[in-house]
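So the sequence shown is residues 3 to 461, counted in the numbering used here.
Built from N, CA and C at the ideal position, the CB exists for glycine as well.
In this text, all values refer to a predicted model and were calculated from it rather than measured experimentally.
Input: a single structure, listed below in structure tokens.
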Amino acid sequence: MHSMKIAHELNLQLNSTLKELPLWSVYVEVTRTVNDLTILFKEEPLLPGIIITRDEKYIGMISRQRFFEHMSRPYSLSLFASRPTEHLVNFLQPEVCILPEATLIVEANQIALQRKPQLVYEPILIESKSGNYQLLDFHQLLVAHSQIHVLTLDQLQQVKAESKSTKAGFQHLKQNYTRLLQNEKMAALGQLVAGIAHEINNPVSFIAGNLVYAINYSQDLLDVINLYQKYYPEPVAEIQTAIAEIELDFLSADFLQLLNSMKVGTNRIQEIVLALRNFSRFDESERKKVNIHAGIDSTLLMLQSRLKNHQTGQIITVIKEYGDLPLVECYPGLINQVFMNIIANAIDALFESFNFSGKTCNLPESSPKYPLIRIQTELINDKLVVIRIADNGAGIPKNIQKQLFDPFFTTKPVGKGTGLGLSISYQIVVEKHGGQLHYKSTVGEGTEFIITIPIEING
Numbered sequence: 003m004h005s006m007k008i009a010h011e012l013n014l015q016l017n018s019t020l021k022e023l024p025l026w027s028v029y030v031e032v033t034r035t036v037n038d039l040t041i042l043f044k045e046e047p048l049l050p051g052i053i054i055t056r057d058e059k060y061i062g063m064i065s066r067q068r069f070f071e072h073m074s075r076p077y078s079l080s081l082f083a084s085r086p087t088e089h090l091v092n093f094l095q096p097e098v099c100i101l102p103e104a105t106l107i108v109e110a111n112q113i114a115l116q117r118k119p120q121l122v123y124e125p126i127l128i129e130s131k132s133g134n135y136q137l138l139d140f141h142q143l144l145v146a147h148s149q150i151h152v153l154t155l156d157q158l159q160q161v162k163a164e165s166k167s168t169k170a171g172f173q174h175l176k177q178n179y180t181r182l183l184q185n186e187k188m189a190a191l192g193q194l195v196a197g198i199a200h201e202i203n204n205p206v207s208f209i210a211g212n213l214v215y216a217i218n219y220s221q222d223l224l225d226v227i228n229l230y231q232k233y234y235p236e237p238v239a240e241i242q243t244a245i246a247e248i249e250l251d252f253l254s255a256d257f258l259q260l261l262n263s264m265k266v267g268t269n270r271i272q273e274i275v276l277a278l279r280n281f282s283r284f285d286e287s288e289r290k291k292v293n294i295h296a297g298i299d300s301t302l303l304m305l306q307s308r309l310k311n312h313q314t315g316q317i318i319t320v321i322k323e324y325g326d327l328p329l330v331e332c333y334p335g336l337i338n339q340v341f342m343n344i345i346a347n348a349i350d351a352l353f354e355s356f357n358f359s360g361k362t363c364n365l366p367e368s369s370p371k372y373p374l375i376r377i378q379t380e381l382i383n384d385k386l387v388v389i390r391i392a393d394n395g396a397g398i399p400k401n402i403q404k405q406l407f408d409p410f411f412t413t414k415p416v417g418k419g420t421g422l423g424l425s426i427s428y429q430i431v432v433e434k435h436g437g438q439l440h441y442k443s444t445v446g447e448g449t450e451f452i453i454t455i456p457i458e459i460n461g
């Protein structure tokens, strides 16, 4: 039994609880076979999991993701398919997040995002006052939280309109809200990136490991074929026909090259996974000494696809002029977020300034005719690190420069930006690291952001 409604169709409020969301009530006794679980999951494509009971009393839960992930492994189907579900539960010993139905949606979202990366997408078990259990799809929780987030923004806008006489108090409210949003965004982003990296890394590691054996086995088989050709140079007509049809000489030369190219591809994917992990730094909530250049490179890798116009093939050129920097004490995840916000804004500015459909741009004749981002780093007095990120876009109009770091201020169209990127970046650099963030911008020439942070954080 379940509700066919989805979260964005519900009339949620700021204090809405989990019991107001669509929940699933699908129970299976431990004595039923694992095949019965397979049938239920196939009949209900949206079913997030199944509650396992013994004598109608809850003993555990198996999610769709964990079930099919395990059953797709070699020999799992033959081992468990016809056995009672109890064997599979005892083998998997799944961790389950259980929350009371009276839990606020906002609170539940924070709890769910704090789970381990491999568990972040698992469904949540909701316990009623009477002791019954139902399942909540994690994606439904995210949709509900987004709706409440929109309601919060609406109320903030109402407060802004009605409280002109208390502008200072409203500014304080917005600053507190941006801090809250920043923490939540970083938690969600870190969990998401770490989860994606984990999910990609497992199958790629499996493929990469087996490719080594595949290359060796293939070479052994080709060696055996060569021995046959050496000692039996005149095979029967049927074998000669088969050799001609498959073009054995070409196949022998190309097959190992094909496998080696696959190995190069898997190595590249593993490098991307490592960059994802370096970028998220979700597990590094405390400050530590890191390589600033590695953080910039990871950020550029995350934005690689945005540097190219896929319609015209034109690419934004990135020039890196790195100085000789020591390891810098900082909060790595937050510093990477600053790099992401500033570089992403530079990309947006360049796409607005240059006409990528032709060879012209909306800039003066003296400006370069190709989009450019320049990143420079240097060490000053062995105490301060300076990172400069510059673009040759149209620049920032003087009438809006004073508002650039204000929360919720944005020049982008509705739905394209929240106006929090530079505000959050300013708080991260100034308040969290005791540094400075300022910019230089000339209309028609471009914009440069200068980040200055100490080698070691005081306090």
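Since L261 contacts I209 with CB under 8 angstroms, what's their CB separation in whole angstroms? At roughly 11 angstroms, the Cβ-Cβ gap does not stay under 8 angstroms, so L261 and I209 are not in contact.
For N37 and M63, I'd like the C-alpha separation in whole angstroms. 16 angstroms
For I345, count the other beta carbons within 10 Å of its own beta carbon; 16 or more makes it buried, fewer makes it exposed. Which is it? Counting other Cβ atoms within 10 Å of its Cβ, I345 reaches 16 or more and is therefore classed as buried.
If you compare alpha carbons, which of G297, A296, I317 is closest to Q465? Here the chain comprises residues numbered 3 to 461, so residue 465 is not present and cannot be evaluated.
As assigned by DSSP and simplified to three states, the class of H435: In this structure, H435 counts as coil in the three-state DSSP scheme.
Between the Cα of V388 and those of Q67, Y77, L327, spot the shortest distance and give me the residue it belongs to. L327
Over what stretch of residues does the beta strand (DSSP E) that includes D393 continue unbroken? Boundaries of the beta strand (DSSP E) harbouring D393: 386-393, taken from the DSSP string.
Coil, strand or helix - G85 by DSSP: Looking at the sequence provided, one finds Arg at residue 85 rather than Gly. DSSP places R85 in coil when its eight states are reduced to three.
I want to know whether the segment 128-148 touches the segment 74-88 - three or more CB-CB distances under 8 angstroms. For the pair of segments examined, the segment 128-148 was found not to touch the segment 74-88: the number of CB pairs separated by less than 8 angstroms stays below three.
According to DSSP, simplified to helix, strand and coil, what is R289? coil
Can the beta-carbon of L137 be found closer than 9 angstroms to that of I150? No, the Cβ-Cβ distance between L137 and I150 is not below 9 angstroms.
For V445, collect the residues of the same chain with a Cβ closer than 8 angstroms to its Cβ; drop the 5 residues on either side in sequence, then sort them by chain order. Contacts found: A396, G397, I398, P399, K400.
Starting from L48 and walking both ways along the beta strand (DSSP E), at which residues does that stretch end? It is not in any beta strand (DSSP E) - L48 carries neither H nor E in the DSSP assignment.
Just the C-alpha distance for V226 and I271, rounded to the nearest angstrom, thanks. 33 angstroms
Residue from R68, E323, S18, Y60 whose Cα sits closest to the Cα of T40: Nearest in C-alpha terms to T40, of all of R68, E323, S18, Y60, is R68.
Going by other Cβ atoms of all chains shown within 10 Å of its Cβ, with 16 needed for buried, is S300 buried or exposed? buried
For L137, write down the residues that DSSP places opposite it in a beta bridge. W26, L127
Who pairs with G448 in a beta bridge, going by DSSP? T444
Cβ of V108 within 9 angstroms of Cβ of H141? no
Looking only at its own chain, which residues have a Cβ that is under 6 angstroms from the Cβ of Y123, when we skip the five neighbours before and after it? F140
Whole-Å CB distance - L374 paired with D350, under 8 angstroms assumed: Going by Cβ atoms, the distance from L374 to D350 rounds to 15 angstroms, so no, they are not a contact pair.
Thinking C-alpha only, which one of Q231, I52, L23 is nearest L144? L23
Please tell me whether G423 and N338 are closer than 9 angstroms, where the distance is taken between their beta carbons. no
Excluding the 5 residues flanking N293 on each side, which residues of the same chain have their C-beta closer than 7 angstroms to its C-beta? Only L329 meet the Cβ criterion.
Below 8 angstroms on the Cβ atoms is my contact criterion, and I expect T154 with L16 to pass it. Report the Cβ-Cβ distance as a whole number of Å. Sure, about 7 angstroms apart at Cβ, within 8 angstroms.
Proximal residues to G360 (C-beta, below 7 angstroms), its chain only, five neighbours per side dropped: Because G360 sits at a pLDDT of 43, beneath the cut-off of 50, its placement in the model cannot be relied upon, and the following sentence gives the value as read from the coordinates. Here the set comprises nothing.
Select from E45, V28, A246 the residue whose C-alpha is nearest the C-alpha of I53. V28
Straight-line gap, P432 to N347 (C-alpha atoms, nearest Å): This sequence places Val at residue 432; Pro is not what is there. The straight-line gap from Cα to Cα measures roughly 19 angstroms.
How about P47: is its C-beta nearer than 9 angstroms to some C-beta of chain C? Here there is only one protein chain, and chain C is not present.
Can you tell me which residues form a DSSP beta bridge with Q378? E323, R390
What distance in whole Å lies between the Cβ atoms of G437 and I452, which are believed to be in contact at a cut-off of 8 angstroms? Contact doesn't hold; Cβ gap of about 10 angstroms is too wide.
Starting from K310 and walking both ways along the beta strand (DSSP E), at which residues does that stretch end? Segment: none, K310 is in no beta strand (DSSP E) and carries neither H nor E.
I'd like to confirm the pairing. Which residues does DSSP put opposite M63 in its beta bridges? I53
What does DSSP give as the partner residues of I463 in its beta bridges? One cannot answer for residue 463 here, as it falls past the ends of the chain, which runs 3 to 461.
L406 versus Y441, P119, E31, G267, residue with shortest Cα-Cα distance: Comparing Cα positions, the closest option is Y441.
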